[in-house]
Structures are given as C-alpha cells and as structure tokens.
Amino acid sequence: MQDSPRHFAKWAALAADEDHPEADLTEETFRAHIANGDERLTALWSRTLTAWDFADAPQWAPNAPPRTEERRTTVYDRLRLGPDVRKALDAAVPVSRVPGATVIAREFTPWYTQEQMAARSFYWTAYEDKLRAKGWPDAAIASLDEASRSVVERLTDPEQPARRQAKGLVVGYVQSGKTANFTGVAAKAIDAGYRLVIVLGGTLNLLRAQTQRRLDMELIGQENILRGADPADPDSLVGVDYVDEDADWPHFVRHGGRPSTLGAFDIERLTTRDNDYKSLAQGIRALEFEKREPTLPLNDPRNLHHAAARVMVVKKNKSVLTKLVKDLKQIHGLLGELPVLIIDDESDQASVNTSNPKRWEQGCTERTAINALISQLLTLLPRAQYVGYTATPFANVFIDPSDAQDIFPTDFLISLPRPAGYMGVQDFHDLDSPLEAGERTYANSQELAHVRGIHDDEDDRLQQAMDAFVLSGALKLYRADHGVPEEPFRHHTMLVHESVRINDHAELALRINTMWHEAGYASLAGRSRLAELFADDFAPVSAARADGLPTPSSFEELTPYISYARQLIGRGGRPVIVVNGDSDKYFEQLDLDFDRTPHVWKILVGGTKLSRGFTVEGLTITYYRRTTQQADTLMQMGRWFGFRPGYRDLVRLYIGRAETYGRGQTADLYEAFEAICRDEEEFRGQLARYAELVDGKPQLIPAQVPPLVSQHLPWLRPAARNKMYNAELVEIRSPGVWVEPTAYPTDPADLRHNTETWLPILEMLDPDPAVFVHLTDDDRGTYTRYPAKTAVVSHSQLLETLTTLTWARRDLFHPHLRYLADASDAGCATDDWLVIAPQTSGPTSVAAAILNSQPLTLVQRRRNAHGVFNRISGLAHRQSAERIVGLLPLTDDDPFATQFHQRRRGVVLLYAIADAEPGASTRFANNGRIDPAKVAIAASLIPAADPTTKPVPFVRFRAIDVSRVGSPIVDALTGG
C-alpha cells in the first residue's frame, strides 16, 4: 500500500485474514491507536503519509499539488477513511508546508523513474535511515528526497550510450544544510550508476576533511571504510581512519556487511579524512577488471551495476587538481565510458574564471588556475556531470553562458527551500514589519530579540558580549540538566570578527584575554553584572521566545552553572583562539576540530578563515565589525546563520552600525545584511518567476535568462569586480532619485527622429506659463522664480515616448527605463507626469518653435569628450519638482507646486538643448524656428515619492552571452 494509497478496510481485512486472524484491524481500532499516541504506528503512518504528500505528479493524484490539503484529501479518499480517522491522522501528522525546490531547467528525457529509484536505492536508503536516526523529521527527509531527486533526474542517464554533460547550480542558504543535499545527490547518483564522484571541497584540508568525514559517516559507511579489516585486530587497521580515534565511529552508517555481498556494490575511497588526493594508481584502472562483459563498455548496464564506485574529496588547490588531471591523462579508453559526478562545494569560490576578458588574446580564453583545471576535468571526462553548490550564486550567474568549457549552469538552476529550524537573515531583521517602533516587543521583533549594537553610552560592548557568552553557556548547561538533549550544547562558541589584518587579530585577542581575566566572574561585581544582563536581556527574551524550553526563574537558580561554564571556556588556560592562518599545518595546531574535540567552548577571533565553508559549531554570540564591499563576501561572513536547536532564543548578534570603510566612509553593517537579504529574495523571486511550466514545458532555460541579481546598496556590489566581467546592468530602481539620461545622439537624423517623437507632448504644453519658486536654505527668505510651460501626460504616453527615442548609449538609460516601465507600487508608483519646460527671458535667451510646436527657450549644455552631456536639468528647477512628487513638503511660497501636487504623480523637466558653443542658439534659430536636426530634446525625471515610506533603491545585473551580443536575453520592458 505504500506505493499508492488504496482501500484501507479491504487491505486491513486481507492482512487480518492471512497473517493476523485474531487481531482487531477495524478502522475504529486504528483511530483509537493513533489518537492515543501509539508511537510505532504513528511513526509508520507519518512516514507513509508524508511520502504521499510529497510525491511528484503521481498518477493517482493528477490534479492535487504536493504538500496541500487537496493532496491529503485525495489520499484519504483513496484510502476510503471516515471523518474521525482523518481528523486523528491530521492531528498526528499535519500536512507539511515545507515549500518545494524552485527549478529552472532545460527539457530533459525522463530516465530517473520511480521504478528505477525503487530498484536501485541501496545507498539512498542507508542515508535516509541515518538521517532518521539523527532525529530528522519525516517532512525534512521527504523534502531532501524531493530536492535531491530534482538534481539527479536532470543529470544524464549513466547507462545512455551517447556521451552528454549536464551542468547545474544548486542554491542554498548560508550554513543551511547544502552538504546534506549533495550527500543525498551523491547517494542517488551512485545508486543510479555513477561510478566516480569527485567532490571539490574547500581550499584548506580542515574544510576538505569536514566534508570527507561527513560523507564517510553518512554515506560510505563502516564496511566500505574497513574493506574487510577486523576492528578487533590492530594490525589489520593500519591505514584505516576513525576506528580508534573518532568518538562517533559507532554512529557511522552500517550496511550489515560488505555491500557487494548484499546484492549491491562497494564504494572505494580515493581520499581519506587525513589524506587528500595523491594518486589514482590502480583505483580507476581497476574498473577495467570489474567488467562482467569485457567486450561491452563500462556504462552498459550489464557492467555498470556490478562495478564498485569511487569517491574522492579534494581541495580546490592547484597542485592537487594538477596531479589529478595529470593522472587522468594517462588513462586511455576507459574515461569515455565512465559516468562521473563532479560536486563543487562553494562553487563561487576559486572555481569562477576571474581573468579579465579585455586582456585575452583574440579568440583565446584565458582562465584562472582552478577554473582551468575544472575545465580540463570536464574535457577529460566526457560523461562527467557538474553540479555547483553555493549560498551566494551571484558570481556563477555572471559566467558567460556561451563558454561551453566553463561552469555556467546551462541545464538547471535549483533554489533549495529555506529549511525548518534555520536561522537566517530574516530571523535577525524586521523586514517590512507593519509595526511602529513603539509597538515592537521581544516577541514580535527579531531585531529586539537578537540584535545589539556595538556601542553604548560609555564604551563598546565587547565586555557585554563576553558576559552574554558566559551567561548563554550557563543557560545551555541548565537546560541540559533539565531534560533538554545535550548534543546541541556539545560546543559553545563566540565569534569576534573585526578585521582582515592578522596584526589586528593578535591585538584584539590580547585585549579579550585581558578582559577575560579581569572580568571577575567569581567576584560580587562580576556576578552583579551577569545578574543585570540576565534580568534586562536574557530572561525577558527567553520568556517570549524559549518556546517551552526550561529557563531559570531567577539568576540565583543559574549561579551553579555559571561557574561550570566559566571553567569550560577557560579550560587549558586560553579562552581565546586566533584563527587566521593560511596553511593546513597552522589549523592542525589549533585543536579546533569540532569533529574530534569533545567540547569546544571558546572565543574565536579571526577574519576570512572564519567565513566561507568553516562551520563554527555552537555559535551563540557574535561580535561583528568587519566591512567589505562585496555582497557575497559579506553574506558568507554571516556565521551566525544556521541551526540553533535548543538555544535559538539565546543567540545574540553585536553588530557595527557605523563602521569605516574606503576613504573615510561609514557603513551600517546591519543595514547591509538587510540589503543582502533583499538582494537574495529578488534573486530567488526571479527563479520562481520562470520556474512554472507552461503546457508542461519550461518557460525559459538558464542560458536564455540568467536570473537578475539586485544591488540595494550602492557601495555593496553583488560580487568582486573580477567576478563581474560578464555582468550587464539591466535595471536601476531609484525611488525619490532623479533619473537624468545624458547620452543623446549627435547624428542629425537621430536628433530629428527624437524631436518628432517628443512633438505630441510639446504640443500639449500650456502656452500660459506657471511660475515656480526655488527657496534658499539660509532662512533669509530669499528665493528665485522661473516660468515654465506645463502639461500633464499619462504614464503610458510618456513611456511610449521614452521607449521610441534613439540614444547614443542605450545601455546607460535602459536600466532606468525598465524601472520606469513598472508603474505599480513595486516600481516607480506613478500614474501620470507633469512635464515642466523651464523658460528663460535673459538678454541672451533665444526662443524658437520646433517643427509645429509653440516657441521654447533654447538652453546651452556642453558635451564631454565621449559626446555625453555633463548635465541636463538646472539645479534651481528641481526643488519645485521635488515638492510636486512628495519628496519635499509643500509650501505657500511655491503655490504652483502645491496646485500641481497629486499623489502618484511624477515630474519631467524638459529642455531643448543647443550646442554649448557661444552664440549657437542664435545661429540655430532662423525666423523664430529651429531645425529639429540641430537640437536635442532632453529630459530629467523624478517618479512619485511617498514621504511615509523609506525608498529602497537598487540595481540589477545579468550575465552577458557573448554569442548573442546586441540581442537582449530578456526584453527589458516586458520582462520576458
């Protein structure tokens, strides 16, 4: 019955008749067992119902989407269950609301069917059982099953005779379980027939070893590690890792025997926890001897499913990968038959080609070291599939899609759902909260609950952060002593990240060490300080957010645990560890291996090495002041993101709100992370926009529409400059900011075309001028006045005009035009526009009719060396416009601005520009008329502004496909 829901009563009657003739298997008995909390029965039905809830387009539920009430109702209807049983099951196993993965992909030939998965699932089943033993809920396992399947089914069928490579990108969240996903992908791919898995894991052996151990523990398993060695015989364990060294060895996956003796196949490791890749030696060549049918290729199913798989986890290191490429080049014939899966963890780090295309020799692509080596691997392994994993995909989507030897995800882009229990950016920010500041509490405000500033009235809060570290450690010990599982409390850490410079780290570590020894945690003053912090901060936050976890009712109840926490942190005489080395040897000396060390309770001080890929286990308190101007780099430094079971309410982020960067500029880092969050959501929203199938087919494929990447803060680029050579600016959203295109054509035919395009609006101008007023800022009552001809035009008419114009540099204005095209609240929020054409009456001013328009004053502007005007609008003309759109308050001193003001109205300042040479206006005007081929009609625009909301400007980029230069990948106005 597990494959699909069937008539429950009939199934139960048959089971009772054949196997349990004395048992009462009626529907009422079943309901009673579920309602009374029968754990085994509930667990079985939880697993079964969840599998049906998540099933992808099953034949038995063609019109019921997964993870919906409709799907669950379909299941119950097929089971023929009554309302009472349905109610009991819904209470015991609610429908999971976990969203599915978002997928943009090419059409593909289905090969990874349900029948295939059921027939070959040895390693996936073992992995699934391991996750269940770790306490993963059924919905989380089903979600992982679904997401990993969506990757594997888009790889090439390993049995397929024709060679084909697929390339994809999987986007997760920082420290959100991407390793679990690619372990699931590896398990399913190996089951399906992939016989070499290469995992590119980290740039340090510490990071590589973390990944190796994870795969060994949860996928490869004890029997494959031992390879027949007797765990009780020390002599047979020479060269075997984990057995006598790793406290978690008993928890490594057990298959119940060598898989090859159980009807499956073995996995051979070509790397170990302590040893990176050294030499293939006989490893891959041995595959030749595993062919049951020597005359058939290895990928033939008669050979493939009897051959052992090989797994290697290698550093993204030039010498290591060069050695691997060199060895592969010595193997002939076999590589063309070998199904290979390359998993690139943190694929935007080192893997992306950062050489400047402008410096390449014509027709020759120059690659950076790691990118070149990955490209060589893909060339040597024609059946290799490449899957990149990252939480910061911006650099990956800027790769040129037409470079067939690069790693642009031409076949699929998959955005993983935000997992349950994960603390991400949204859990530290009140994004778009409707609550006023005075209405926010610890219960309804993420910022109030978890975020603290760096400075208070007297000094910085580093001492308070350290006190919070001691206090939160004591609260963890208290909870472990009051029935909360203690495994999540095994490690307890604080991260201090201020600078990238090593000398700064040493100085800061010395300061923290001194503060620790002078903190007086055993003294009356120290205890009073902790008691105050508990009463003012931790107690009220936990009362609002502990969600039933035990919390002491008073500080005195916590006192015994504070002493123990202090001992654990100060163990070994050093509460502080500096983490900033560049070598594996350095990290080996730190004793900072969270896998091997039973309890790491330390304050970590460092920079870059404490960011990407390095999981700081048990991180509870963060003190962060480091600036960077790359969004992906900043996001990867958010080590406070992750899973915090049992202590989510204790997490605190001390973050700088005015940190110096560049030449005397300051950045609000909290605001920066919020901007990144918006960038990230925009990116995921773009994926979701194109993910829905139309008539069963994808709307677009990744190579056609590289998803747009946003930039909400002008100083915070999506990625480093050397990762954005293929980035094309496609949109600039600028609410409350002037949009002033300056690149107008010089060709007479283009100038005439533009003037004719503006003519309908010029003819609408009121001949009776309005008089606008510019007030000075000196409070002296001085002002200037200027007359202007005006007209109100609809948004559609202005947009049609702007779209029809010819531009000398289309790329400079088109990103603004995409924004202006969207009149909704999410766009420029403008219904109509007041056109203001300022008129002058000085002795040198010249007014002339253009085509059949009424006379307009000609203004002079100078073009720069590139043919672009330095400016268009007069600064004195802008103030009234800003009042009309709502950016400045209205005033009785500027009555026409008040008269024209209207909600959702923008302003266009319109000028007829003659060349800036002296006397040009007079020369161009002839008998009160001017040749339209000798004048540029130019405009500055400011959309409507809502003074009650904070404007959120941003820019967006996309990847350039050099094979389609001049052809937009997405139409900038229609969005595709």
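Under our numbering, think of the first position of the sequence shown as 53, with each following residue one higher. All C-beta atoms in this analysis are idealised placements derived from N, C-alpha and C, irrespective of residue type, glycine included.
DSSP, reduced to helix, strand and coil, places G737 within a helical segment of the structure shown. Classified as exposed, N904 has fewer than 16 neighbouring CB atoms from the shown chains inside 10 Å of its CB. Below 8 angstroms, enough C-beta pairs join the segment 456–464 and the segment 214–221 to call them touching: three or more. Burial check for A284: the Cβ neighbour count within 10 Å stays below 16, so the residue is exposed. When Cβ pairs closer than 8 angstroms are counted between the two stretches, the segment 883–898 is seen to touch the segment 837–844, the count reaching three or more.
Counting other Cβ atoms within 10 Å of its Cβ, N115 stays below 16 and is therefore classed as exposed.
For E783 and A928, the gap between their C-alpha atoms comes out near 28 angstroms.
In the structure shown, H507 falls within a strand segment according to DSSP collapsed to helix, strand and coil. In the displayed model, I994 falls within a strand according to three-state DSSP. Here DSSP, grouped into helix, strand and coil, assigns H826 to strand. Residue pairing of E711 in beta bridges, as defined by DSSP: A719. Around the beta-carbon of E608, fewer than 16 other beta-carbon atoms lie within 10 Å, marking it exposed. Distance from the CA of R913 to the CA of S992, rounded to the nearest whole angstrom, comes to 14 angstroms. Taking 8 angstroms as the cut-off, the beta carbon of R581 is found closer than this to the beta carbon of D519.
The C-beta of H384 has fewer than 16 other C-beta atoms within 10 Å across all chains shown, which makes the residue exposed. Under DSSP, the beta-bridge partners assigned to Q912 are A966. Out of V628, L483, D511 and Y530, the CA that lies nearest to the CA of P604 is found in Y530. Counting only runs that start and end inside the segment 166–253, the beta strand (DSSP E) elements of at least 3 residues fall at 219–223 and 248–252. Looking at the DSSP output, M475 bridges to G694. Shown here, L390 sits in coil according to DSSP, grouped into three states, outside any helix or strand. Around L468, the same chain offers A153, A199, V222, V223, G224 and N233 as residues with beta carbons nearer than 7 angstroms, after the five sequence neighbours per side are excluded. The residues Y175 and A361, in chain order, have a CB closer than 6 angstroms to that of I242 in the same chain once the five nearest residues on each side in sequence are set aside. As a beta-bridge residue in DSSP terms, E320 pairs with R362. From the listed residues V449, D479 and G309, the smallest Cα separation to L702 is found for D479. Nearest Cα to L432 within the set R470, T102 and L393: L393.
Unbroken alpha helix (DSSP H) runs of no fewer than 4 residues, entirely contained in the segment 823–910, are found at 847–856 and 862–873, following chain order.
With a threshold of 16 other beta carbon atoms within 10 Å, P57 meets it and is buried.
Within the same chain, S467 come within 6 angstroms of R736 by CB-CB distance, once the 5 residues on both sides are set aside. For the segment 509–596, the full-length beta strand (DSSP E) segments reaching 3 residues or more read 544–549 along the chain. Remark: three or more beta-carbon pairs, one from each stretch, lie closer than 8 angstroms, so the segment 566–577 and the segment 512–527 are flagged as touching.
DSSP places Q401 in the coil class of the three-state scheme, outside both helix and strand. Between V825 and P839, the gap from beta carbon to beta carbon reaches 8 angstroms or more. For T672, the enclosing beta strand (DSSP E) has its first and last residue at L671 to Y676. Leaving aside the five residues that flank G134 on each side, the residues in its chain whose CB is nearer than 7 angstroms to its CB run, in chain order, E79. By the beta-carbon neighbour count (other beta carbons within 10 angstroms, threshold 16), P118 is buried.
With a 10 Å radius around the Cβ and a threshold of 16 neighbouring Cβ atoms, E345 comes out exposed.
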